[in-house]
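Protein chains: 2
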Amino acid sequence: MCGSLDVKINTGKNDGMDHVDKVLEQWRRARPDLDVGPMGLIGRVGRLYLAYLKPMEQTFARFGLNAAKFDVLATLRRAGTPHELSVGDLLKSTMVSSGTMTNRLDRLAADGLIARRPHPDDSRSFLIALTPDGLALIDRAVEAHVQTQAELVAGLSAEDQAQLTTLLSRALKAAGSN
Amino acid sequence: MCGSLDVKINTGKNDGMDHVDKVLEQWRRARPDLDVGPMGLIGRVGRLYLAYLKPMEQTFARFGLNAAKFDVLATLRRAGTPHELSVGDLLKSTMVSSGTMTNRLDRLAADGLIARRPHPDDSRSFLIALTPDGLALIDRAVEAHVQTQAELVAGLSAEDQAQLTTLLSRALKAAGSN
DNA sequence: CTGATTTATCTTGATGTCAAACTTCTTGAC
DNA sequence: GTCAAGAAGTTTGACATCAAGATAAATCAG
Numbered sequence: 001m002c003g004s005l006d007v008k009i010n011t012g013k014n015d016g017m018d019h020v021d022k023v024l025e026q027w028r029r030a031r032p033d034l035d036v037g038p039m040g041l042i043g044r045v046g047r048l049y050l051a052y053l054k055p056m057e058q059t060f061a062r063f064g065l066n067a068a069k070f071d072v073l074a075t076l077r078r079a080g081t082p083h084e085l086s087v088g089d090l091l092k093s094t095m096v097s098s099g100t101m102t103n104r105l106d107r108l109a110a111d112g113l114i115a116r117r118p119h120p121d122d123s124r125s126f127l128i129a130l131t132p133d134g135l136a137l138i139d140r141a142v143e144a145h146v147q148t149q150a151e152l153v154a155g156l157s158a159e160d161q162a163q164l165t166t167l168l169s170r171a172l173k174a175a176g177s178n
Numbered sequence: 001m002c003g004s005l006d007v008k009i010n011t012g013k014n015d016g017m018d019h020v021d022k023v024l025e026q027w028r029r030a031r032p033d034l035d036v037g038p039m040g041l042i043g044r045v046g047r048l049y050l051a052y053l054k055p056m057e058q059t060f061a062r063f064g065l066n067a068a069k070f071d072v073l074a075t076l077r078r079a080g081t082p083h084e085l086s087v088g089d090l091l092k093s094t095m096v097s098s099g100t101m102t103n104r105l106d107r108l109a110a111d112g113l114i115a116r117r118p119h120p121d122d123s124r125s126f127l128i129a130l131t132p133d134g135l136a137l138i139d140r141a142v143e144a145h146v147q148t149q150a151e152l153v154a155g156l157s158a159e160d161q162a163q164l165t166t167l168l169s170r171a172l173k174a175a176g177s178n
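Written as structure tokens, this is what we have:
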């Protein structure tokens, strides 16, 4: 007596179900004791993050960059003239480990996009500056990046964009990360 | 005459500004020609993703797992009895490269959490099954995971959670990833 | 049947990341 | 002054990931 119902729902290939809906449906069948409501919200945040990341990485690639390199160059660029920060400043802005930052700076220096010089007031420290090439590149890359981002949200109405931004801010506070 | 204004706004350490607000403010000063509206939305999605990911990774670590391993075990678990899928099935569900999946399966097999066996109908293929240890572990881990996720969104009202889920779904469709 | 193509998975080589250990320099207590 | 404690970056070792190439088996065209 439940055979037809099983077949009907099985594998969840119904109407407007997205990937997250299908996963939740599977969990409900496999572990009906679990409340998967939060998983739906958090899962969609993850999927949206990936959906945004891929096109942005493609844009970066057009300029010989990836998200990691873009991140460092953009941090220096938006800091304003003279586009120079210490390694520690970059660490605070970018939330990666110090070893990761060393690696990123090595590669950017090899590309001629940044230059290290000793910090005049602290010999343990280094100042990292955009080279002229680095400045020219990030200025072009960020224009393309902004354009890509505009396209990614173009399908949302202005009102939806504003509401989504508000709710995301609230969610960030609720998650304890301001 | 703009000196005092400059100082007042400089470095953006005002009221309720979060990290994304500060970045946008820096861009507005450094590149006033750019429209950074979409960057605010996309930036918050990224920050929220990270804010969710860190506590979830800590939960996984309590069970000797990381997000990659949890992902595979959970896919097998929610597929239902006999908790067995081909490598290709796992690839479709998890969106990683085939080399990555091989690596994940090697490590899970070394941990005794999954077992490979030849596919009875196709000698190119393998069936991957949870071992009894793997099943017991993922059943405990997913309970803790659901609990962690509940805590992460607990600061949002039920209405905000529902509205956010709706808008995220809309944003996913708008970004061309359903 | 047989050769060509496609499919399923694994292997290889290059990157990127982190945690923890390490080096060098600064600062603070006395 | 001098020594201990802390801070700024770098190095090391272990993983994780991907793209592209390799291997082996299934399928298809004729």
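Chains as they are written, first to last, in full-length UniProt numbering: chain D, 1 to 178; chain G, 1 to 178.
In this text, a Cβ means the ideal position worked out from N, Cα and C, and glycines have one as well.
Burial check for Leu50 (chain D): the Cβ neighbour count within 10 Å stays below 16, so the residue is exposed.
Against chain G, the beta carbon of Gln58 (chain D) has no neighbour under 7 Å; the closest one sits roughly 13 Å away.
Given a length threshold of 4 residues, each whole run of the alpha helix (DSSP H) inside the UniProt domain "HTH marR-type" (38–173) of chain D is given here in chain order: 67–78, 87–94, 98–110 and 132–153.
With fewer than 16 other beta carbons inside 10 angstroms of its own, Gln58 (chain G) counts as exposed. Legend: CB atoms of the stretch 86–114 of chain G lying less than 7 Å from CB atoms of chain D are not found in any residue.
By the C-beta criterion, the stretch 67–76 of chain D is judged to be in contact with the stretch 91–107 of chain D, since at least 3 inter-stretch pairs fall below 8 Å. The count of Cβ pairs closer than 8 Å, one atom from the stretch 22–41 of chain D and one from the stretch 135–149 of chain G, reaches three, so the stretches are in contact. Here Ala115 (chain D) has Ala129 and Thr131 as same chain residues with Cβ atoms under 6 Å from its own Cβ, once five neighbours each way along the sequence are excluded.
Boundaries of the alpha helix (DSSP H) harbouring Leu24 (chain G): His19 to Ala30, taken from the DSSP string. With respect to the 8 Å criterion, Gly99 (chain G) and Leu113 (chain G) are not classified as neighbours on the basis of their beta carbons.
Three or more beta-carbon pairs drawn from the stretch 160–178 of chain D and the stretch 153–172 of chain G are found closer than 8 Å, and the two stretches are therefore classed as touching.
Residue G:Gly88 holds the alpha-carbon nearest to the alpha-carbon of Asp122 (chain G) among G:Gly88, G:Val153, G:Lys92 and G:Leu76.
Here Gly64 (chain G) is exposed. Its C-beta has fewer than 16 other C-beta atoms within 10 Å. Within a 10 Å sphere around the beta-carbon of Ala74 (chain D) sit 16 or more other beta-carbons, which makes this residue buried.
Closer than 8 Å at the C-beta level to chain G, one finds these residues of the stretch 38–51 of chain D: Pro38, Met39, Gly40, Leu41, Ile42, Arg44, Val45, Gly46, Arg47, Leu48, Tyr49, Leu50 and Ala51.
Exclusion of the five residues before and after Arg117 (chain G) leaves Phe126, Leu127 and Ala129 as the residues of its chain whose Cβ lies within less than 8 Å of its Cβ. The straight-line gap separating the alpha-carbon atoms of Arg44 (chain D) and Arg124 (chain D) is approximately 44 Å. With contacts defined as CB atoms closer than 8 Å, Arg47 (chain D) and Gln26 (chain G) fail to qualify as a contacting pair.
At least one CB atom of chain G sits nearer than 8 Å to the CB of Gly155 (chain D). The beta carbon of Thr102 (chain D) sits closer than 7 Å to no other beta carbon from its chain once the five residues preceding and following it are set aside. Residue-level contact check: Gly80 (chain D) touches chain G, since one or more beta carbons of chain G fall below 8 Å from its beta carbon. Cβ contact annotation for Ala61 (chain G) (same chain, cutoff 7 Å, sequence separation greater than five): none.
Interface annotation, Leu168 (chain D): in contact with chain G, CB-CB separation under 8 Å. Burial state of Ala154 (chain G) is exposed, judged by a 10 Å Cβ sphere holding fewer than 16 other Cβ atoms.
Nearest Cα to Gln147 (chain G) within the set D:Ile42, D:His19, D:Val96 and D:Ser157: D:Ile42. Within the same chain, Cβ atoms closer than 7 Å to the Cβ of Pro55 (chain D) are found at Thr148 and Leu152, the five residues on either side in sequence being excluded.
Taking a Cβ-Cβ cut-off of 9 Å, Leu130 (chain G) has no neighbours in chain D, whose nearest Cβ is about 12 Å from it. Annotation: Gly37 (chain D) to Val36 (chain G) spans about 32 Å, alpha carbon to alpha carbon.
Residue-level contact by beta carbon fails for Lys69 (chain G) and chain D, as no gap is shorter than 8 Å.
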